[in-house]
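Asker: Here's a structure for you.
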Amino acid sequence: MKSRATKGQDRALQQRARRLQRGLEKLYPDAHCALNYETPLQLLVATILSAQCTDVRVNLVTPALFARYPDARAFADADIGELEKAIQSTGFFRNKARNIQACCKILVEKHGGEAPRTMEELFPLPGIGRKTANVILGNAYGVPGITVDTHLSRLSKRMGLTKQSDPVKIERDLMEIIPEKDWTMFSHRMIFHGRQVCFARKPNCEGCLLAKDCPKVGVAGPTGGEELTASPSGGAGRRKLVLRTQPSKKQRPRNV
Ligand code: SF4
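Following this line, the structure appears as structure tokens:
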């Protein structure tokens with residue numbers, strides 16, 4: 001049983017998390033999934049492609065890809081060499097092509113060619129991890145989920161919302177302090193803030209409208225070297241988007 005002091009700390013953390021959440025809502029009212037898709041299956045394929053690759057790059061590849069392979073059956077029956085070629089520029093294309101094909105074969109055999117609607121069914125699919133599953137559930141099916149990517153992980157720690165490094169534990173911590181109905185949008189907004197203000201190397205704390213509620217855990221020295229002043233309208237002042245860089249050849253995409 002928790003002591004009164006611990007309960008008080010939990011309450012204070014929850015209140016601060018809500019203030020941060022409200023701040024994020026004002027900053028990024030229109031935050032959204034950055035991947036382009038029209039169907040849950042397309043989102044599933046796009047999220048597999050987005051491992052170790054920028055969303056911008058994935059969005060360049062998917063229009064032709066989805067025209068060439070319009071459904072799960074088409075991906076399942078694809079010539080693997082052709083599929084690899086179609087997604088080559090997203091990196092690790094052999095691994096991704098294998099995962100997409102294996103995943104789509106299972107979708108055809110067990111799920112009527114559709115992306116499933118539950119974590120239990122999505123998680124075991126090739127190329128799909130908890131993060132990807134939450135992206136699909138939250139954006140394609142409206143099932144709330146916290147998507148722990150590199151931005152959300154970094155920001156949650158700096159904001160003192162978790163001390164964990166393991167994505168599953170971070171997800172669990174955030175689920176306790178953010179209302180369930182807000183999980184998906186909270187994730188998008190944190191990712192927007194990570195891309196536009198709370199940069200990995202030099203967070204722009206001086207220009208950050210969340211600074212009064214952020215303990216800046218692990219942020220050392222003067223900050224503010226990168227170019228953006230966020231505005232409450234959800235846009236940004238001077239902006240320098242920092243996109244995820246291509247990974248080194250040694251890295252391998254895992255289920256995400
Ligand atoms: S105050 Fe600094 S560390 Fe905290 S969210 Fe803003 S940019 Fe990130």
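For the sequence shown, my numbering assigns the number 1 to the initial residue and increments by one for each residue that follows. For glycine and all other residues, C-beta sits at the position ideal for the given N, C-alpha and C.
Considering Cα atoms alone, identify which of K212, V219, G218 and V217 is closest to R19.
Answerer: As a first step, residue 19 must be located in the sequence shown, where it is residue number 19. Out of K212, V219, G218 and V217, K212 has the C-alpha closest to the C-alpha of R19.
Asker: Under 8 Å, with one C-beta from each stretch per pair, do the segment 104 to 113 and the segment 80 to 92 reach the 3-pair mark?
Answerer: Counting Cβ pairs under 8 Å, fewer than three are found: no touch.
Asker: Beta-carbon separation of P124 and C103 under 8 Å?
Answerer: Here residue 124 corresponds to residue number 124 of the sequence shown, with the count starting at 1. Here residue 103 corresponds to residue number 103 of the sequence shown, with the count starting at 1. No, they are not a contact pair.
Asker: Quick one: residues with CB closer than 7 Å to any heavy atom of the ligand SF4, in chain order, please.
Answerer: Ordered along the chain, the selected set is L155, R158, M159, H193, V197, C198, P203, N204, C205, C208, L210, A211, C214, K216, V219 and T223.
Asker: Using the C-alpha atoms, what's the distance from Q9 back to V61?
Answerer: Here residue 61 is taken as the residue at index 61 of the sequence shown, counted from 1. Here residue 9 is taken as the residue at index 9 of the sequence shown, counted from 1. Rounded to whole angstroms, V61 to Q9 spans 47 Å at the Cα level.
Asker: Applying the 10 Å Cβ sphere with the 16-neighbour rule, what's the burial state of Q15?
Answerer: Residue mapping note: residue 15 aligns to position 15 of the sequence shown, counting from 1. That one is exposed.
Asker: Beta-carbon separation of L43 and A72 under 8 Å?
Answerer: Within the sequence shown, numbered from 1, the residue matching residue 43 stands at position 43. Within the sequence shown, numbered from 1, the residue matching residue 72 stands at position 72. No, Cβ-Cβ distance for L43 and A72 is not below 8 Å.
Asker: Determine the DSSP secondary structure at K212, reduced to helix, strand or coil.
Answerer: Locating residue 212 in the sequence shown gives position 212, where the first residue counts as 1. The answer is helix: DSSP assigns K212 an H, G or I state.
Asker: For a quick check, are the C-beta atoms of Q21 and I178 less than 8 Å apart?
Answerer: Here residue 21 refers to the residue found at position 21 when the sequence shown is read from its first residue. Here residue 178 refers to the residue found at position 178 when the sequence shown is read from its first residue. Yes; because the gap between Cβ atoms is below 8 Å, this pair is in contact.
Asker: Report the option in S50, R68, K96 and V143 whose CA atom is closest to the CA atom of E180.
Answerer: In the sequence shown, the residue the question calls residue 180 occupies position 180. When each option's Cα is compared against that of E180, the closest is V143.
Asker: Name the two residues that bound the continuous alpha helix (DSSP H) containing D10.
Answerer: Sequence index remark: in the sequence shown, residue 10 carries index 10 (1-based). Counting along the chain, the alpha helix (DSSP H) containing D10 begins and ends at R4 to L27.
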